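Residue numbers (the working numbering): 315 to 454.
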């Protein structure tokens with residue numbers, strides 16, 4: 315993702331964050347070129363979003379994100395192929411598993427916290443050709 319521009323980043327945030335969850339009061343990020351660009355700085359100022367940049371060479375500043383990334387990495391290590399070239403296939407399921415697990419900080423799952431209900435999950439539609447079916451087969 316090193317070739318992403320700040321305009322691309324704005325489109326990604328609009329499509330995946332702002333449109334679904336509204337504008338955040340702050341965004342914690344590293345000091346990547348997109349996040350420190352004048353475009354991104356001005357966009358955040360116009361939208362009244364505080365930017366919190368982690369300290370260079372000290373990514374632990376954003377500890378919550380680092381912890382989630384560790385958990386997702388653990389999930390993915392169990393399911394990716396030997397060559398580790400299919401992790402992006404498993405990432406949505408790892409995210410689903412994480413978002414539907416109870417957490418010590420929030421008590422109910424993040425999904426339940428946001429939507430006030432558990433997700434509808436119909437295992438009848440899972441076949442051996444779907445990622446969930448492949449996961450089930452690996453677990454057997």
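Even for Gly, the Cβ is constructed at its ideal location relative to N, Cα and C. What you are looking at is a predicted structure, and each value in this text was computed from that prediction instead of being measured.
Tell whether a beta-carbon distance below 8 Å holds between residue 363 and residue 338. Contact: yes.
Residue 351 and residue 317: beta carbons closer than 8 Å? Remark: C-beta atoms of residue 351 and residue 317 do not approach each other more closely than 8 Å.
Within 10 Å of its beta-carbon, does residue 361 have 16 or more other beta-carbons around it, so buried, or fewer, so exposed? For residue 361, the number of other beta carbons within 10 angstroms of its own is below 16, and it is reported as exposed.
CB-CB length for residue 405 against residue 390, believed under 8 Å: Between residue 405 and residue 390 a beta carbon distance of about 7 Å is seen, short of the 8 Å cut, so the two are scored as contacting.
Alpha carbon to alpha carbon, how far is residue 324 from residue 355? Give it in angstroms, no decimals. C-alpha separation (whole angstroms): 11 Å.
CA-CA distance, residue 315 and residue 428? Residue placement at residue 315 cannot be trusted, given a pLDDT of 48 that sits under 50; the coordinates are not used to answer.
The alpha helix (DSSP H) that contains residue 367, what's its start and end? Segment 364-367 is the beta strand (DSSP E) holding residue 367; no alpha helix (DSSP H) there.
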